[in-house]
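Below is one structure, written out as structure tokens; comments come after it.
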Amino acid sequence: MVKQLFIQISCFTLYFLQDIIVITRGESIITEDLRVKKTKKTIEYGFLDCVKKNTFSKITVKELTDTMMINKSTFYKYYDDKYDLRSYILAKGLTDFSNSIDVSYLYFPHREVNCYEEKLPSAIQPIFDHRKELMILWSKNMESNVFEQMQDIYAKKFLISLKKTKHKNLPESFQILNANLFAASAMQIIKWWFEISPNSTSKEIAHIITICIKSGSYDILQDTN
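Letter 60 of the sequence shown, counting from 1, is numbered 40 in the numbering used here, and no numbers are missing.
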């Protein structure tokens, strides 16, 4: 009886210890993930800070690690070189920008575009929240045509959405023209907002964009339909 009780207690202790090990391992993984994210975020911000002050081609890994206050071994743990780091940051920036684009107004009748204007501020505010980072990505120091790439992403999204509307039967040339005109207009408004009028609210910018939509894309689409 005593022996059986001892075995049961031993098994219980073993299972309890196993649970503790599993929990501890889980906590360690979470802690490690947070540490990795924090380190990579430090590297990203350090890179942008360096590009803000100097052209990419002149920046050295030593300059990067000094700014980030990390060892070279830590840098090379995550990136092959500065080109690999730039590629990662640009790809992430372009993906985030693409996810923030809203061209849903194409599905609205002309009279309902005002509904789009009401929802637009919440869509463009996150873009403005990353204004400083975006302006660095657009700068000549980055030595990459990021602004043009974002404009191209805008145009492609517009074109894809346009093909799902009643305007899908328009000549391809007019669809491409519309997409490029809207993308160029939208990007220039965003750039003006960032550089010239940063005190304007997202609501004011949404109103400007909507005016351009009404006087631009819609008129062209209606005239060519």
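Heads up, the beta-carbon is just placed ideally off N, CA and C, and yes, glycines get one too.
The structure presented is a predicted model; accordingly, all values stated were derived computationally and were not measured.
Using a Cβ-Cβ cut-off of 8 Å (strictly less than) and excluding sequence neighbours within five positions of residue i, which residues of its own chain qualify?
i: K143; result: Q155
i: E123; result: T35, F36, S37
i: L74; result: V126, Q129, M130, I133
i: F138; result: V83, L86, N158, A159, F162, A163
Taking Cβ to Cβ, would you say residue i is nearer than 8 Å to residue j?
i: D82; j: A103; result: yes
i: Y96; j: T190; result: yes
i: I50; j: T22; result: yes
i: K33; j: Y58; result: no
i: T45; j: D29; result: no
i: I193; j: I169; result: no
i: P101; j: K183; result: yes
If contacts are defined as beta-carbon pairs under 8 Å, then residue i and residue j qualify, I think. What distance do you get, rounded to the angstrom?
i: L70; j: L117; result: 7 Å
i: S80; j: I107; result: 5 Å
i: F27; j: V41; result: About 11 Å separates the two Cβ atoms, so there is no contact after all.
Excluding five sequence neighbours on each side, which residues of the same chain lie with their C-beta closer than 6 Å to the C-beta of residue i?
i: V31; result: I116, N121, M122
i: A208; result: Residue 208 falls outside the range modelled here, since the chain spans only -19 to 205, and no answer is possible.
Using a Cβ-Cβ cut-off of 7 Å (strictly less than) and excluding sequence neighbours within five positions of residue i, which residues of its own chain qualify?
i: E43; result: C30
i: K62; result: I39, V41, L44
>> For a minimum of 4 consecutive residues, which ranges assigned as the alpha helix (DSSP H) are wholly contained in the region 91 to 141?
In response: 93 to 109, 111 to 118
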